[in-house]
Amino acid sequence: MKWRVKTRLRLLKRRFQQVLARKISTRLMLTYVGLGVVPLVLVSILLISLTQETVQNYVFQLNQETARRASNEIYLFLKDPLTVLQTTSLTRDIYEMDVFQQSSLINRIKEANPIFRKIYVLNDSGYVVVTTQFGEEARDMRDQPFFLEEHEFFSEVYFSPSRFPLMTIAEPISRFNQQVGKLVAEIDLKSIWTLVDSVTIGNTGYAFLLSADGQVIAHPDRDKVFNREDYSAYDFYQNLKSGAAQQITHDVNGESVILVHSEVPRLGWSVLVEQSQEEAFQLASQMQRNVMYFTTLTVLIAIILGIFGVRRFAKPLLELVRGAREYGAGNLEHKIDLPTRDELAELASEFNAMANSLKENQRELQRMERLAALSRFAALVSHEVRNPLNSMNINMQMLKRTISRPDMPEERKIKYLDVISSEINRINDLVTNFLTIARPPELNPV
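One point on numbering: in this note's numbering, the residue at position 9 of the sequence shown is 9, and numbering is uninterrupted.
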């Protein structure tokens, strides 16, 4: 498998090198596009990464602030009744354990604060001495956790028969630094449901409230509240609760969500804000898409400009190549005409000058060849003419010696004359042939 991959990579590399080696315009275009696109792509990748990180931090901080604000509001909601109880437990009407005064006071408090469902006072033996709830006088509360607790007390959240959330809080009643009773109140937490339900982020973000042991106190899904769904077994809750992470990303029913956590002071409760990761990072995704669109558009523009720019640059090169081919084919009359005034135009001018120089050299070479041909022709003519002249000269000398001799036959004298006449005809034929060869060709009209 690895061998096949390496072989394919080598083939691709070889083909790529062949493509680059074919045309300089291809190399120029790839270089131009590479220099323009590669830095842009790198910057875009960096920008996308920074954008994603920035938006994620912003979303986490926004959700964290929402959770923190909700936890503070819950604390303030519970702080008011606790402050009322603390203040009341320090009043004289309470710590003197006067039943009439206690009854009058706690009834006024209940009427002034609708959050209290009932208020009652326990004596140091754990029995109800005064209550706002009819029929609970003298009730034995010795086994209740709030009586056994020496300091202020917060119970777990429980539900009324009508399925509304309730909570019991208690404050010790002391006189001369000695505990003489307990001031206990049952408070209605329905407003906390309303408060938690009012926390919404976008279309998918919501908040829910967990107790110190991870059970649901308030949630938009009431079934989770009534079923007392327990989150303590989840790893993300343990990480958030322990402070190992301020925000967590995990899957819920196959969908990724982000969770942030804020603890309610003094109670140990946890406010968690949950939002779909897709919606939370929608802005980051949109910005990433915009960057990708911009990068793609810029790359396309760079490629188009690169193609036109390289073509414009390569056109003079093609003219130079075509001119060089014309010169190589012997067409020295060809002129390379470039409309630019750059270095390529200078090179074209040098090519034209070279062609003119070659043309002049060609003319000079033709002239020299013509002179050499004439020289050879003259030598040939002189050689061809000299032979008959020598023969004529010899025969004339012999005729001169024998013409006055009576013993020389006439036939021999005539023979010498015939030889001389023959050589004269031969010279005449040579001159005629030479004139025919040297005569310029006739021009035939087209």
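Using N, Cα and C, we set each Cβ at its ideal position, and we do this for glycine too. None of the values given here were measured: they were computed from a predicted structure.
Can you tell me which residues form a DSSP beta bridge with residue i?
i: L105; result: None; L105 has no bridge partner.
i: Q282; result: Bridge partners of Q282: none, in fact.
i: G205; result: I201
i: E186; result: K118, T168
i: Q275; result: I258
i: Q215; result: D230
i: I173; result: G181
Can you tell me whether DSSP reads residue i as helix, strand or coil?
i: V291; result: helix
i: D98; result: coil
i: D143; result: coil
i: N227; result: coil
i: L443; result: Confidence is the limiting factor: at L443 the pLDDT is only 48, short of 50, which leaves the residue's position unreliable and the question unanswerable from this model.
i: V37; result: helix
i: A373; result: helix
i: L332; result: coil
i: P388; result: helix
i: Q178; result: strand
i: V321; result: helix
Please report the Cβ distance between residue i and residue j, rounded to the nearest whole angstrom; I am assuming they are in contact, meaning their Cβ atoms lie under 8 Å.
i: L189; j: V216; result: Not really, about 13 Å apart at Cβ, beyond 8 Å.
i: A348; j: L320; result: 6 Å
i: P388; j: I414; result: About 19 Å; that fails the 8 Å criterion.
i: I109; j: V84; result: 6 Å
i: N63; j: I192; result: Contact flag wrong, Cβ pair sits at about 19 Å.
With distances taken between CB atoms, is the gap from residue i to residue j smaller than 9 Å?
i: L267; j: F154; result: yes
i: S89; j: E150; result: no
i: V310; j: I48; result: no
i: E96; j: Y120; result: no
i: L344; j: L338; result: yes
i: L195; j: W269; result: no
i: F281; j: Q52; result: yes
i: I94; j: I169; result: no
i: A284; j: V55; result: yes
i: R117; j: L166; result: yes
i: Y449; j: E274; result: For residue 449 there is no data in the structure shown, the boundaries of the chain being 1 and 446.
i: P81; j: I45; result: no
i: E423; j: M392; result: yes
i: V130; j: R139; result: no
i: F208; j: V271; result: yes
i: G323; j: F351; result: yes
Can you tell me the Cα-Cα spacing of residue i and residue j, whole angstroms?
i: K79; j: T298; result: 59 Å
i: P265; j: L76; result: 10 Å
i: R10; j: R27; result: 20 Å
i: G448; j: E229; result: Residue 448 falls outside the range modelled here, since the chain spans only 1 to 446, and no answer is possible.
i: H219; j: N227; result: 11 Å
i: L435; j: D418; result: 26 Å
i: S375; j: F313; result: 53 Å
i: F142; j: N123; result: Here the sequence assigns Arg to residue 142, which means Phe is not the residue at that position. Straight-line Cα distance between these residues: approximately 10 Å.
i: G126; j: N113; result: 25 Å
i: S198; j: F176; result: 46 Å
i: P445; j: R363; result: Its pLDDT being 48, under 50, P445 is placed unreliably by the model, and the measurement read from it follows with that caveat. Going from the Cα of P445 to the Cα of R363 covers about 26 Å.
i: L259; j: Q178; result: 46 Å
i: P406; j: I420; result: 21 Å
i: L443; j: M368; result: Low per-residue confidence applies at L443: pLDDT is 48, beneath 50, and the placement is therefore not dependable enough to give any value.
i: M398; j: A372; result: 39 Å
i: Q101; j: F164; result: 31 Å
i: S404; j: A379; result: 38 Å
i: V431; j: Y416; result: 23 Å
i: R68; j: V59; result: 14 Å
i: T31; j: Y293; result: 23 Å
i: V33; j: K315; result: 19 Å
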